[in-house]
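Chains as they are written, first to last, in our numbering: chain A, 13 to 135; chain B, 13 to 135; chain C, 13 to 135; chain D, 13 to 135. Note that beta-carbon positions come from the ideal geometry of N, C-alpha and C, so glycine has one too.
4 protein chains.
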Amino acid sequence: MMVTIDLRSRVPIYEQIKNQILELILLGVLKPHDQLPSIRALALDLKLNVNTVKRAFQDLEAAGVTYTLPGRGSFIAENALENNQLKGKALQEIRDAVLSGRANGIEKDEILALVESIYQDEK
Amino acid sequence: MMVTIDLRSRVPIYEQIKNQILELILLGVLKPHDQLPSIRALALDLKLNVNTVKRAFQDLEAAGVTYTLPGRGSFIAENALENNQLKGKALQEIRDAVLSGRANGIEKDEILALVESIYQDEK
Amino acid sequence: MMVTIDLRSRVPIYEQIKNQILELILLGVLKPHDQLPSIRALALDLKLNVNTVKRAFQDLEAAGVTYTLPGRGSFIAENALENNQLKGKALQEIRDAVLSGRANGIEKDEILALVESIYQDEK
Amino acid sequence: MMVTIDLRSRVPIYEQIKNQILELILLGVLKPHDQLPSIRALALDLKLNVNTVKRAFQDLEAAGVTYTLPGRGSFIAENALENNQLKGKALQEIRDAVLSGRANGIEKDEILALVESIYQDEK
DNA sequence: GTGGTCTAGACCACA
DNA sequence: GTGGTCTAGACCACT
Numbered sequence: 013m014m015v016t017i018d019l020r021s022r023v024p025i026y027e028q029i030k031n032q033i034l035e036l037i038l039l040g041v042l043k044p045h046d047q048l049p050s051i052r053a054l055a056l057d058l059k060l061n062v063n064t065v066k067r068a069f070q071d072l073e074a075a076g077v078t079y080t081l082p083g084r085g086s087f088i089a090e091n092a093l094e095n096n097q098l099k100g101k102a103l104q105e106i107r108d109a110v111l112s113g114r115a116n117g118i119e120k121d122e123i124l125a126l127v128e129s130i131y132q133d134e135k
Numbered sequence: 013m014m015v016t017i018d019l020r021s022r023v024p025i026y027e028q029i030k031n032q033i034l035e036l037i038l039l040g041v042l043k044p045h046d047q048l049p050s051i052r053a054l055a056l057d058l059k060l061n062v063n064t065v066k067r068a069f070q071d072l073e074a075a076g077v078t079y080t081l082p083g084r085g086s087f088i089a090e091n092a093l094e095n096n097q098l099k100g101k102a103l104q105e106i107r108d109a110v111l112s113g114r115a116n117g118i119e120k121d122e123i124l125a126l127v128e129s130i131y132q133d134e135k
Numbered sequence: 013m014m015v016t017i018d019l020r021s022r023v024p025i026y027e028q029i030k031n032q033i034l035e036l037i038l039l040g041v042l043k044p045h046d047q048l049p050s051i052r053a054l055a056l057d058l059k060l061n062v063n064t065v066k067r068a069f070q071d072l073e074a075a076g077v078t079y080t081l082p083g084r085g086s087f088i089a090e091n092a093l094e095n096n097q098l099k100g101k102a103l104q105e106i107r108d109a110v111l112s113g114r115a116n117g118i119e120k121d122e123i124l125a126l127v128e129s130i131y132q133d134e135k
Numbered sequence: 013m014m015v016t017i018d019l020r021s022r023v024p025i026y027e028q029i030k031n032q033i034l035e036l037i038l039l040g041v042l043k044p045h046d047q048l049p050s051i052r053a054l055a056l057d058l059k060l061n062v063n064t065v066k067r068a069f070q071d072l073e074a075a076g077v078t079y080t081l082p083g084r085g086s087f088i089a090e091n092a093l094e095n096n097q098l099k100g101k102a103l104q105e106i107r108d109a110v111l112s113g114r115a116n117g118i119e120k121d122e123i124l125a126l127v128e129s130i131y132q133d134e135k
């Protein structure tokens, strides 16, 4: 699993895990019914607490991105990205951040440029 | 003072206060050396605890946006917006939110449109 | 009375008044039994609240620097500077400030230079 | 953690904590990325309220001396002392205190000796 | 366990 | 009246 964590980020670790798995699906690296690594294996690999990884997996399942077969493991859902119910929350976060940025005097063009650069990165 | 609070927002109340005061400065409603409402008056007005409002004012002062004369009140600093040391943090928040949005399958154009609409609002 | 107040300073206004009167005595401008301006006149002159000036005068009298004849006014005491019981407190304030400066990485020489420059100013 | 508090000092408790942590960094006892004690543990240890300790840590973080990972703890920043934005304020406090001391008839040499003795203490 | 937010309320210093 | 400090304690998010 190509997942890297930045412990110094203010973004919760479980969010980083979720985001990176979603990115891998988006990029086609992970396909429907592919098996995810076990929670314990990933926690060991990333040197994280099992609970932290568990929380990420729980969220993904709750959002309809993955499904779990008890005793077998977690797998990518059929229509993972279409199911994803996390989009709304993500959009709201962007709205909040942009509003805060505007209040702090950040120019519109500054943000537009930032968005462009982010979407250029690894597409 | 035209400050409105959304108690149900995930954005901390004191951040909402900070942002709204910054907006008022940006819009020219509040000018250097203008006096802000007293923390007690604002707390009463917004039905908040004094400490919550105080936290907002403390942050603004630490950021160089306002200055406080104990026993007299808080005032807008001479170069409030130039001093503002909160911009960097705000930009970082936008970056994080956009990255998270991208991971969740939000299209670039969707974000660009959102940014445009936010900046059209009251500028 | 040549007293000037800096409303923007973190030093309490009544302390500024006390300090300036003490300086005037130190410089010989005010001599024993000279009459100080009335509290009201000074408050009017400096555009301050009467209570603020009153507090300064009270402190000076309590410290043995001045004496008051009810209905007549306040006067410089015979041995104003020798009597002054405020020295100890002032020394303690310097100690605290220097300790704090040391903690914040200010070099000894920096402070020594500052002290020299202050004592050169108007002596 | 070797932190001692003087409850009877006019220096706010949270300032005492800030100063002592800064001293520990200055002395090399605390190094970049070292973890500070938890605010709860320190509060318990010093018999203080959690919020008082929190205020100290908040200030240190705002000044760029520490960084905080929610849920994990607070740590010394990479360039803690270089970042420290509190130096200016500390210098201003010394200036004010010395001016006040001069007004109260404290001799220059008295202050110079005091500064020397303070810097001899534990350097 | 960690820190983050918020409330309620006391007491003090200053204007 | 103003802001500043401190306490006690609740509730939440994250590890």
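For C/S50, the secondary structure class from DSSP, reduced to helix, strand or coil, is coil.
For A/L81, the enclosing beta strand (DSSP E) covers residues T78 to L81. When DSSP states are grouped into helix, strand and coil, C/I88 belongs to the strand group. At the C-beta level, C/I51 and C/V65 come within 8 Å of one another. Contacts with chain B at 8 Å (Cβ-Cβ) include A/V110. In this structure, C/V77 lies near C/A89, with their beta-carbon atoms less than 8 Å apart. Nearest CB-CB separation between D/L98 and chain A: not below the 8 Å threshold.
Under the three-state reduction of DSSP, C/R114 is assigned to helix.
In the three-state reduction of the DSSP assignment, A/K66 falls in the helix class, which pools H, G and I. Interface flag for A/L19 against chain D is set, since a Cβ pair is found closer than 8 Å. Contact between C/V110 and D/I130 holds: their C-beta atoms lie close to 5 Å from each other, under 8 Å. Three or more beta-carbon pairs separated by less than 8 Å are not found between the stretch 117-132 of chain A and the stretch 91-99 of chain A, which leaves the two stretches without contact. For the stretch 100-132 of chain C, the residues whose beta carbon sits under 7 Å from a beta carbon of chain D are, in order, A102, L103, E105, I106, R107, D108, A109, V110, L111, S112, G113, R114, A115, N116, G117, I118, K120, I123, L124, L126, V127, I130 and Y131. Across the structure, C/R114 and B/A55 are spaced so that their CA atoms are roughly 38 Å apart.
Taking 7 Å as the cut-off between beta carbons, the residues of the stretch 34-57 of chain D near chain C are L34, E35 and L38, in sequence order. Using a Cβ distance threshold of 8 Å, D/N116 and C/N96 count as a contacting pair. At least 8 Å separates the CB of B/A68 from every CB of chain D. Nearest neighbour of D/G83 by Cα position, chosen from D/P49, D/D57, D/M14 and D/L58, turns out to be D/P49. The distance from the Cβ of A/I37 to that of A/L60 is about 21 Å, inconsistent with a contact at the 8 Å cut-off.
8 Å or more divides the Cβ of A/K120 from the Cβ of B/I118. Scanning chain B for C-beta atoms nearer than 7 Å to the C-beta of A/L93 yields G117, reported in chain order.
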